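Visitor:
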Amino acid sequence: MGAIIEVENLVKKFNGLTAVDSISFSVEEGEIFSLLGPNGAGKTTTINILTTLLKPDGGKAYINGVDVVKDPNQIRHMIGVTFQELVLDSNLTVWETLDFHGRLYNIPKTERHKRIKELLSVIGLEDKAKKLTKTLSGGMKRKLEIVRGLMNNPRVLFLDEPSLGLDPQSRITIWDEIRKINRSGVTIFMTTHYMDEADRLSNRIAIMNRGKIVAIDNSENLKSQLGKDLILLKVAPEIKAKTVEILNTSGLLKEIKETSTGLILSSIGKGSAAIPKLIKKLDEQAITVESIELKRPTLDDVFLFYTGREIKEGNDWMRNLTIMRRTGRLIR
Ligand SMILES: Nc1ncnc2c1ncn2[C@@H]1O[C@H](COP(=O)(O)OP(=O)(O)OP(=O)(O)O)[C@@H](O)[C@H]1O
Ligand SMILES: [Mg+2]
Numbered sequence: 001m002g003a004i005i006e007v008e009n010l011v012k013k014f015n016g017l018t019a020v021d022s023i024s025f026s027v028e029e030g031e032i033f034s035l036l037g038p039n040g041a042g043k044t045t046t047i048n049i050l051t052t053l054l055k056p057d058g059g060k061a062y063i064n065g066v067d068v069v070k071d072p073n074q075i076r077h078m079i080g081v082t083f084q085e086l087v088l089d090s091n092l093t094v095w096e097t098l099d100f101h102g103r104l105y106n107i108p109k110t111e112r113h114k115r116i117k118e119l120l121s122v123i124g125l126e127d128k129a130k131k132l133t134k135t136l137s138g139g140m141k142r143k144l145e146i147v148r149g150l151m152n153n154p155r156v157l158f159l160d161e162p163s164l165g166l167d168p169q170s171r172i173t174i175w176d177e178i179r180k181i182n183r184s185g186v187t188i189f190m191t192t193h194y195m196d197e198a199d200r201l202s203n204r205i206a207i208m209n210r211g212k213i214v215a216i217d218n219s220e221n222l223k224s225q226l227g228k229d230l231i232l233l234k235v236a237p238e239i240k241a242k243t244v245e246i247l248n249t250s251g252l253l254k255e256i257k258e259t260s261t262g263l264i265l266s267s268i269g270k271g272s273a274a275i276p277k278l279i280k281k282l283d284e285q286a287i288t289v290e291s292i293e294l295k296r297p298t299l300d301d302v303f304l305f306y307t308g309r310e311i312k313e314g315n316d317w318m319r320n321l322t323i324m325r326r327t328g329r330l331i332r
């Protein structure tokens, strides 16, 4: 199978800010592909360009060989989209929601009704068909939004933060639905800031930070590229630079990365053998180690390694607002 999405040096600027900074990648047909990154990384902007809602300032993007800028109408017939924020009409029933969407695509009535029944059975909401969407739980609303994107039988389904703000149980059922949809032959392009979501669901992950893709591979390779063992070391901030200098001369380390919380070291040989030697060396130079930890790399470490910060860091108030809207804890 070949690439169904191809992106080359895509750029999007908002006033002075480069939200998407010359990114390139391709997605194979049949994949579940995740764009993983923190708040403001540029994930939604990327999805918006690919789904023809935004025009890029540079670069190219193709879906199934069709240019998203030159032929947006053809693109819209090949894709389904679920947005980051809930956009269900609360005064429509579940059936009407899907029916309305089917009409937008001019799907004939018999086919439309057949499709609605199929999709409701996929998400187990047949008995809710006549209920207003506002009476559904957060997880049910999300499922409905996801299958709404499938009304037109798309080749690619774009999901922007599919499980944002959902409880752990609902997240798992959403993941099951996404897998089911993927198994039926639909390529999935999703964004997420949840490491576990990207890790468990995707065939490949692109890690995005400040508009750039910093790493791209499957989860296993991303982790193993960091080495077998990682050593997390904490020292007082004022001696961090000196510590790096000393560690650089140890001959035991492949790479040293400074992060906001400490240092990540990837060792050449076994981490457990390197630790006592490193501590001795630092001790000789009167460096006090606050903590040192040996661990197998996780996707969190991969992110920390490539970006120097944790994915959870930063201002989260916008996201909380979204979650509150979605769960109904905030009145608009
Ligand atoms: N319409 C817009 N006008 C101005 N700036 C924008 C606009 N849309 C996005 N941005 C900025 O572009 C950057 C990327 O935003 P984007 O929504 O793509 O991030 P994201 O990765 O989806 O973040 P989140 O995880 O919070 O959803 C941010 O700095 C954001 O403030
Ligand atoms: Mg977003």
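Numbering (my numbering), first residue to last: 1 to 332. Ideal Cβ placement from N, Cα and C applies to all residues, glycine included. Please read all numbers here as calculations on a predicted model, not as lab measurements.
1. Would you mind sorting K109 into buried or exposed? The rule is 16 or more other CB atoms within 10 Å of its CB.
2. Per DSSP, K13 is paired with what?
3. May I ask whether a heavy atom of ligand 2 can be found less than 8 Å away from the beta carbon of K43?
4. Please go through the same chain and pick out, in chain order, the residues whose beta-carbon is closer than 7 Å to the beta-carbon of T52, but skip the five residues on each side of it.
5. Contact defined as beta carbons within less than 8 Å: I believe E255 pairs with S266. What is the distance between those atoms, to the nearest angstrom?
6. Looking only at C-alpha atoms, which of I207, Q285, K277 sits nearest to T243?
7. Taking the alpha-carbon positions, what's the I172 to M140 distance?
8. Within the same chain, show all residues whose beta-carbon is closer than 6 Å to that of R329, passing over the 5 residues directly before and after it, in chain order.
9. Quick one: complete alpha helix (DSSP H) runs, 4+ long, within the stretch 65-89?
10. Identify whether N209 lies in helix, strand or coil by the three-state DSSP scheme.
11. Spatial neighbours of N209 within its chain, please: CB distance less than 6 Å, with the 5 preceding and 5 following residues excluded, ordered by chain position.
12. Less than 8 Å between the CB of D375 and some heavy atom of ligand 2, yes or no?
13. Between the beta-carbon of I311 and the beta-carbon of H193, is there less than 9 Å?
14. Is Q84 near ligand 2, in the sense that its beta carbon is under 8 Å from a heavy atom of that ligand?
15. If you check the beta carbons only, do I4 and I63 fall under 9 Å apart?
16. Just verifying my parser: in three-state terms, what is the DSSP assignment at L307?
17. Let me check understanding here. Comparing Cα to Cα, which of R296, V11, V289 lies closest to V235?
18. Check whether the Cβ atoms of N152 and I107 sit closer than 9 Å, and answer yes or no.
19. Below 9 Å between beta carbons: does that hold for T187 and R155?
20. By Cβ distance below 8 Å, which residues in the same chain neighbour K55 in space, the five residues on each side in sequence not counted?
21. Using CA atoms only, rank isn't needed, just tell me which of L263, S202, A241 is closest to L304.
Guide: Answer, in terms of the structure:
1. In the sequence shown, the residue the question calls residue 109 occupies position 109. Classification for K109: exposed.
2. On the sequence shown, residue 13 is found 13 positions in, with the first residue counted as 1. Note: K13 sits in a beta bridge opposite T18.
3. Along the sequence shown, one-based indexing puts residue 43 at 43. Yes, the Cβ of K43 comes within 8 Å of a heavy atom of ligand 2.
4. Locating residue 52 in the sequence shown gives position 52, counting from the first residue. Closer than 7 Å at Cβ, skipping near neighbours: V68, P72, I75, R76.
5. By one-based count along the sequence shown, residue 255 stands at place 255. By one-based count along the sequence shown, residue 266 stands at place 266. Right, the Cβ-Cβ distance comes to about 5 Å (below 8 Å), so this counts as a contact.
6. Within the sequence shown, the letter at position 243 stands for residue 243. Closest in alpha carbon position to T243, among I207, Q285, K277, is Q285.
7. Taking the first residue of the sequence shown as 1, we reach residue 172 at position 172. Taking the first residue of the sequence shown as 1, we reach residue 140 at position 140. About 12 Å.
8. To locate residue 329, count along the sequence shown from 1; it is residue 329. Below a pLDDT of 50, predicted positions are generally treated as unreliable, and R329, at 46, falls in that range; the measurement from the model is reported next regardless. Within the same chain, R329 has no close Cβ partners at all.
9. The qualifying runs are 72-78.
10. Translated into positions along the sequence shown, residue 209 becomes position 209. Correct three-state label for N209: strand.
11. Here the question's residue 209 lines up with position 209 in the sequence shown. Beyond the five residues adjoining it in sequence on each side, N209 comes within less than 6 Å, by CB distance, of G37, A41, T307 in the same chain, given in chain order.
12. With the chain represented from 1 up to 332, any question about residue 375 goes unanswered, as that position is not in the structure.
13. Within the sequence shown, the letter at position 311 stands for residue 311. Within the sequence shown, the letter at position 193 stands for residue 193. Yes.
14. Residue mapping note: residue 84 aligns to position 84 of the sequence shown, counting from 1. Yes; taking the cut-off as 8 Å, the Cβ of Q84 has a heavy atom of ligand 2 nearer than that.
15. Against the sequence shown, residue 4 aligns to sequence position 4. Against the sequence shown, residue 63 aligns to sequence position 63. Against a cut-off of 9 Å, the Cβ pair of I63 and I4 comes out as a contact.
16. Stepping through the sequence shown from its first residue, residue 307 is reached at position 307. With the sequence shown as reference, residue 307 is identified as Thr, and Leu is not the correct amino acid for it. T307 falls in the helix class under three-state DSSP.
17. Numbered from its first residue, the sequence shown carries residue 235 at position 235. For the residues R296, V11, V289, the minimum Cα distance to V235 belongs to V289.
18. Working through the sequence shown from its first residue, we reach residue 152 at position 152. Working through the sequence shown from its first residue, we reach residue 107 at position 107. The criterion of a C-beta distance shorter than 9 Å is satisfied by N152 and I107.
19. Counting from 1 along the sequence shown, the entry for residue 187 is found at position 187. Counting from 1 along the sequence shown, the entry for residue 155 is found at position 155. Note that the C-beta distance between T187 and R155 is below 9 Å.
20. As a first step, residue 55 must be located in the sequence shown, where it is residue number 55. For K55, where only same-chain residues beyond five positions count, the Cβ hits under 8 Å are I49, V69.
21. Residue 304 sits at position 304 when you count from the first residue of the sequence shown. When only C-alpha atoms are compared, the closest one is L263.
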